[in-house]
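Written out below as structure tokens is the structure these notes cover.
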Amino acid sequence: MSALFDLVMLALLLGMALAVARTRDLLAAAILFSGYSLVMCLLWLHRGAPDVAMTEAAVGAGVTTILFLLAIGRTGRRER
Amino acid sequence: MDGGWQHLDYFAFVALFCIGLYVVLAKSNLVKKLLGLNIMETSVFAFIVTSGMVDGGTAPVVGPGIDAPFASPLPHALILTGIVVAVSITALALALIVEIKRQCGTIEADELKGAE
Amino acid sequence: MEHLLPLAAALPLVAAALLPAVAWRRPDAAWGWAVAVGAGLLGIVGLLLRRLLQDGPFSYAVGGWAPPWGIELRFDALSAFSLGIALVGVAVLVFSGRYAQAAVPPQRRAWYYSLLLVNLGGLVGFACAADLFNLFVCMELVSVSSYALVAAGGGRIAALAAFKYLVAGAVSSLLVLFAVGILHALTGSLNMADVALRLADVEARGPVLLALGALTAGFMVKAALFPLHLWLPDAHASAPSPVSAVLSALVVKLGVLGLARVLPLFAGLDWLVLAPLHEGLAWLGAIAIVAGALAALLQEDLKLMLAYSTVSNIGYIVLGLGLATPLAMTGGLVHVFYHALIKATLFLAAGAIIHQAGFRTLRDLRGVGRAMPWTGVALSLGVLAIVGLPPTAGFLGKWYLLLGALEAGRPGFAVALLAGALLIFVYYLRILNAFYFRAPLREQILAVREAPLSMLLPVMALALLCLLGGLFGSGPVALAALAAARLAGGG
Amino acid sequence: MRRLLTALALAIVGAVMLAGLAGLPRPGDPAAPVHTHVAAHIVAHGVEDTGSRNLVTAVLLAYRAYDTFGEVVVIFAALAAVMVVLAPAAAPPPGKTAPPPSPAPAVAPSPVVGFVIRLLAPFIAAFAALVLWHGEALPGGGFQAGVILGALLVLLSVVMGRGLEQPLVPAAAARWLQAAGPLAFAAAMLIGLAGAGAVLGLPAEPAWGRHAVLLLLELGIGLGGAAIILGLYLQMRGH
Numbered sequence: 010m011s012a013l014f015d016l017v018m019l020a021l022l023l024g025m026a027l028a029v030a031r032t033r034d035l036l037a038a039a040i041l042f043s044g045y046s047l048v049m050c051l052l053w054l055h056r057g058a059p060d061v062a063m064t065e066a067a068v069g070a071g072v073t074t075i076l077f078l079l080a081i082g083r084t085g086r087r088e089r
Numbered sequence: 459m460d461g462g463w464q465h466l467d468y469f470a471f472v473a474l475f476c477i478g479l480y481v482v483l484a485k486s487n488l489v490k491k492l493l494g495l496n497i498m499e500t501s502v503f504a505f506i507v508t509s510g511m512v513d514g515g516t517a518p519v520v521g522p523g524i525d526a527p528f529a530s531p532l533p534h535a536l537i538l539t540g541i542v543v544a545v546s547i548t549a550l551a552l553a554l555i556v557e558i559k560r561q562c563g564t565i566e567a568d569e570l571k572g573a574e
Numbered sequence: 002m003e004h005l006l007p008l009a010a011a012l013p014l015v016a017a018a019l020l021p022a023v024a025w026r027r028p029d030a031a032w033g034w035a036v037a038v039g040a041g042l043l044g045i046v047g048l049l050l051r052r053l054l055q056d057g058p059f060s061y062a063v064g065g066w067a068p069p070w071g072i073e074l075r076f077d078a079l080s081a082f083s084l085g086i087a088l089v090g091v092a093v094l095v096f097s098g099r100y101a102q103a104a105v106p107p108q109r110r111a112w113y114y115s116l117l118l119v120n121l122g123g124l125v126g127f128a129c130a131a132d133l134f135n136l137f138v139c140m141e142l143v144s145v146s147s148y149a150l151v152a153a154g155g156g157r158i159a160a161l162a163a164f165k166y167l168v169a170g171a172v173s174s175l176l177v178l179f180a181v182g183i184l185h186a187l188t189g190s191l192n193m194a195d196v197a198l199r200l201a202d203v204e205a206r207g208p209v210l211l212a213l214g215a216l217t218a219g220f221m222v223k224a225a226l227f228p229l230h231l232w233l234p235d236a237h238a239s240a241p242s243p244v245s246a247v248l249s250a251l252v253v254k255l256g257v258l259g260l261a262r263v264l265p266l267f268a269g270l271d272w273l274v275l276a277p278l279h280e281g282l283a284w285l286g287a288i289a290i291v292a293g294a295l296a297a298l299l300q301e302d303l304k305l306m307l308a309y310s311t312v313s314n315i316g317y318i319v320l321g322l323g324l325a326t327p328l329a330m331t332g333g334l335v336h337v338f339y340h341a342l343i344k345a346t347l348f349l350a351a352g353a354i355i356h357q358a359g360f361r362t363l364r365d366l367r368g369v370g371r372a373m374p375w376t377g378v379a380l381s382l383g384v385l386a387i388v389g390l391p392p393t394a395g396f397l398g399k400w401y402l403l404l405g406a407l408e409a410g411r412p413g414f415a416v417a418l419l420a421g422a423l424l425i426f427v428y429y430l431r432i433l434n435a436f437y438f439r440a441p442l443r444e445q446i447l448a449v450r451e452a453p454l455s456m457l458l459p460v461m462a463l464a465l466l467c468l469l470g471g472l473f474g475s476g477p478v479a480l481a482a483l484a485a486a487r488l489a490g491g492g
Numbered sequence: 008m009r010r011l012l013t014a015l016a017l018a019i020v021g022a023v024m025l026a027g028l029a030g031l032p033r034p035g036d037p038a039a040p041v042h043t044h045v046a047a048h049i050v051a052h053g054v055e056d057t058g059s060r061n062l063v064t065a066v067l068l069a070y071r072a073y074d075t076f077g078e079v080v081v082i083f084a085a086l087a088a089v090m091v092v093l094a095p096a097a098a099p100p101p102g103k104t105a106p107p108p109s110p111a112p113a114v115a116p117s118p119v120v121g122f123v124i125r126l127l128a129p130f131i132a133a134f135a136a137l138v139l140w141h142g143e144a145l146p147g148g149g150f151q152a153g154v155i156l157g158a159l160l161v162l163l164s165v166v167m168g169r170g171l172e173q174p175l176v177p178a179a180a181a182r183w184l185q186a187a188g189p190l191a192f193a194a195a196m197l198i199g200l201a202g203a204g205a206v207l208g209l210p211a212e213p214a215w216g217r218h219a220v221l222l223l224l225e226l227g228i229g230l231g232g233a234a235i236i237l238g239l240y241l242q243m244r245g246h
């Protein structure tokens, strides 16, 4: 069960990282990265690191994403 | 590989590291490069957090009725610092991107090279 | 007294955080605050150095937590580079007073001084770190502030160069963090002495090699060692001149000091032969000496020339570490200190000239030496020193390197060294020729006025140190020899 | 050609990393050095040494407090860095006049969203206080609380900020708040020097002394973090 959870999380991480790499829509990429951080946070919670998970959720998925969205708002959302 | 399937973790993190590095090297858009850098950073964080886990362990918070082994608190503290450093660098890089856009009109590395 | 060790880095770091609040109502206070802190740092470093010379290296357990449970700081012969950091720091802060008024927009100025102080504090912390993760944190303090300072003056090339620098720097920092993670996974410790001890019992070879490789690669990028120097020239040339001085004189040395700190960790492993790594470093260093000097020769922009000259000089230092004989390493480490003084002199003098004249290429600046006699003298002293003429400061490092190359039985490297020195001579001759012996191309040059006293004083003081450094060089040489002996002895 | 080179470089990097990592102790092995050396000491003595039941907090604020001091200066430097890059330059560069910075498109929150955020604000603030207060006994602590508080301030400024140029906190006070983290550590350094005989040491006397120091650090980190996150947000949003 626990192994299965890990496998699913790792597969999700890889999939989302690839999606970030592939999409040409920067807004989508930033939001995908936010999701990637949340999955990472779940994985760490499962590894006995709730402090790190909490910080990653707040900083990686939260603050980083807000900053990315603001910057994308000022520079354009399409990647050429 | 004799260490059992949990080395799979490390392999997944190497894959993430390489995906991030690919984005940094191959993508022209600066925002995209920065996302790649963040993926690389989280992959290293994940490696370090995982290196501190313990079979059947719990979070390193001492309390009554907890007799499971603790995950090592040391890597957790390091990664807390690492996450803060990462967001600091991201914030600065995004500020630079906004400034580059304002001054040069584009944030594509290919076009910036031509404009220099 | 021993409590000064953790406070040396803490003073500028806390002062940096307070500076924008202090300068909020009185923007003029920012400069005074920063200079006072710089002077305080110089005083503390002086006391630490006196203790080092009297009693030898000493440690401090921060918070009273004995190592390896807590963080250990250690002031040893390598940490003595703090003196260079403090000297250059004070000069740069004083110089910034007038310079920043013209080059840094008013709303950015308090933050600019704040970042300079963070940079200096991080550098001192790095020089005194005896703990791997503390080393990383200090490195990041220096890195974040450096990336931003490049763009402090504004301008499109500066913003782009800062971004390029940031990406290269962040990837290299990540490599270092990755290696710290591996070493921690192998030994369960972060204290460097403890890691070195416990690493000797580690049987797995793969992770050890990976950590060594990641650390070497990471610090090579930080040191801008050829061919990983591509981020350096634009960043150092487009930054405001006082920032260029800090970056070229101090920040690139982080990579070299980092290497000198971490390589001994691996010396206790009987199966690991470091000779191929040393050989590779020596070759890269030799190539960097010549390639950097050639590139400098091709530049028309004064600050770009100086930036490529840094690439070349890092080559000297790394060659010394790579040759790995006591004399060669002494030469390399002495050059770490003296190159800091010399390159700071050159960048500040160049900054004063560009600031007063408004031009930055050799063509446009022709004849400026006669219009700015004092700055010209300082620049010339710096040039003599960097070429390595006795008795200036630049002579000592190269002399010991030459002896080291011969001692190692590698005359080929000695030739590269001399060829580099010759090339340096040629391109600095170009500068002197343009400034003194060519008729001005721009008539405005004749009307250029000498730099104001607050810029001239720090430049002249540094230039004087460049001149006298060679005469009173026994102290630094003795310290470098001590550090070299520790490096060679692997502990 | 370039793609090929990139692919080759990635393959080499990946292969080297895999080969190296394969030799590490199995993650989760209780006999690995990660668990038997420094961590074992902290698990055995952490509570008694620091009074904090959350051992991550014990590491962050006691054993490795000097690193955490560096960390709060790093995040302060991030703010300084963003200010130095984005604060308006007095005059546009000669030759080419740069267009004015385009502010982020103003988000027009619906009245319902605004109402909900205002309604929730005190509860979010209370949650942040809880996370901070229990940093010694539960996962979480000053920085996490600071980020939650910072997020709350950002939300509030989204709701109230449209057309309202005056910031939530007076600018002069904001400067002091942004320095709260390093300031708290400076205070802890002096307290440690006086009370424990070592910079950043925890005083043994009085009995509540070390709790007070830990709480001071958590407060400084939390308030400073929140103020810096708000500052970053405002500067990145553009005026």
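Residue numbers (the working numbering), protein chains in the order written: chain E, 10 to 89; chain Y, 459 to 574; chain B, 2 to 492; chain S, 8 to 246.
Virtual Cβ for every residue (Gly too), placed ideally from N, Cα, C.
Starting from residue i and walking both ways along the beta strand (DSSP E), at which residues does that stretch end?
i, result
"A62 (chain B)", "59-62"
"F76 (chain B)", "73-76"
Would you mind reading off the limits of the alpha helix (DSSP H) that contains residue i?
i, result
"P118 (chain S)", "118-140"
"P234 (chain B)", "233-239"
For residue i, would you say it is in contact with chain B, using Cβ-to-Cβ distances shorter than 8 Å as the test?
i, result
"E78 (chain S)", "yes"
"L570 (chain Y)", "yes"
"M243 (chain S)", "no"
Under a CB-based cut-off of 8 Å, is residue i close to chain S?
i, result
"M498 (chain Y)", "no"
"E557 (chain Y)", "yes"
"F503 (chain Y)", "no"
"D525 (chain Y)", "no"
"G521 (chain Y)", "yes"
With H, G and I counted as helix, E and B as strand and the rest as coil, what does DSSP make of residue i?
i, result
"A1 (chain S)", "With chain S represented from 8 up to 246, any question about residue 1 (chain S) goes unanswered, as that position is not in the structure."
"T326 (chain B)", "coil"
"F227 (chain B)", "coil"
"D195 (chain B)", "helix"
"F137 (chain B)", "helix"
"F473 (chain B)", "coil"
"Y486 (chain B)", "Checking the displayed sequence, the identity of residue 486 (chain B) turns out to be Ala instead of Tyr. Helix."
"V337 (chain B)", "helix"
"F528 (chain Y)", "strand"
"V519 (chain Y)", "strand"
"E566 (chain Y)", "strand"
Quick one: does residue i have its CB under 8 Å from some CB of chain Y?
i, result
"E141 (chain B)", "yes"
"H185 (chain B)", "yes"
"A70 (chain E)", "no"
"R157 (chain B)", "yes"
Nearer than 7 Å: is that true of the beta carbon of residue i relative to any heavy atom of the ligand GTP?
i, result
"F82 (chain B)", "Of the ligands one can find in the structure shown there are none, so the ligand GTP has no counterpart to examine."
Applying a beta-carbon distance threshold of less than 7 Å, which residues of chain S neighbour residue i?
i, result
"M49 (chain E)", "Within 7 Å Cβ-Cβ: nothing; M49 (chain E) doesn't reach chain S, min ~16 Å."
Closer than 8 Å by beta-carbon distance: list the chain B residues that pair up with residue i, in chain order.
i, result
"M196 (chain S)", "P7, L8, A11"
"L493 (chain Y)", "Ordered by position in chain B, no residue passes the 8 Å Cβ test against L493 (chain Y), which lies about 12 Å from the chain."
Run down chain Y in chain order and give the residues with a C-beta less than 9 Å from the C-beta of residue i.
i, result
"S46 (chain E)", "N496, T500"
Say whether chain E places a C-beta atom closer than 8 Å to the C-beta of residue i.
i, result
"I541 (chain Y)", "yes"
- Touch test, the segment 90-98 of chain B against the segment 136-156 of chain B, Cβ-Cβ under 8 Å, three pairs minimum: When C-beta atoms of the segment 90-98 of chain B are compared with those of the segment 136-156 of chain B, fewer than three pairs fall below 8 Å, so the two segments do not count as touching.
- Touching or not, the segment 553-564 of chain Y and the segment 174-191 of chain S, by the rule of three or more beta carbon pairs under 8 Å? With a cut-off of 8 Å, the segment 174-191 of chain S and the segment 553-564 of chain Y do not count as touching, because too few Cβ pairs lie within range.
- Task: Count the CB pairs spanning the segment 20-38 of chain B and the segment 492-507 of chain Y that are closer than 8 Å, and state whether there are at least three.
- Result: In short, these stretches do not touch, since the Cβ pair count stays below three.
- Message: Across the segment 441-458 of chain B and the segment 307-320 of chain B, are there enough close Cβ pairs to call them in contact, namely three or more that are closer than 8 Å?
- Response: In this structure the segment 441-458 of chain B does not lie against the segment 307-320 of chain B, because fewer than three pairs of beta carbons, one per stretch, are closer than 8 Å.
- Is it a yes or a no for the segment 529-544 of chain Y touching the segment 54-69 of chain S, going by three-plus beta-carbon pairs under 8 Å? A contact exists between the segment 529-544 of chain Y and the segment 54-69 of chain S.
- Message: Between the segment 329-346 of chain B and the segment 473-480 of chain B, can you find at least three pairs of beta-carbon atoms closer than 8 Å?
- Response: Segments in contact, yes.
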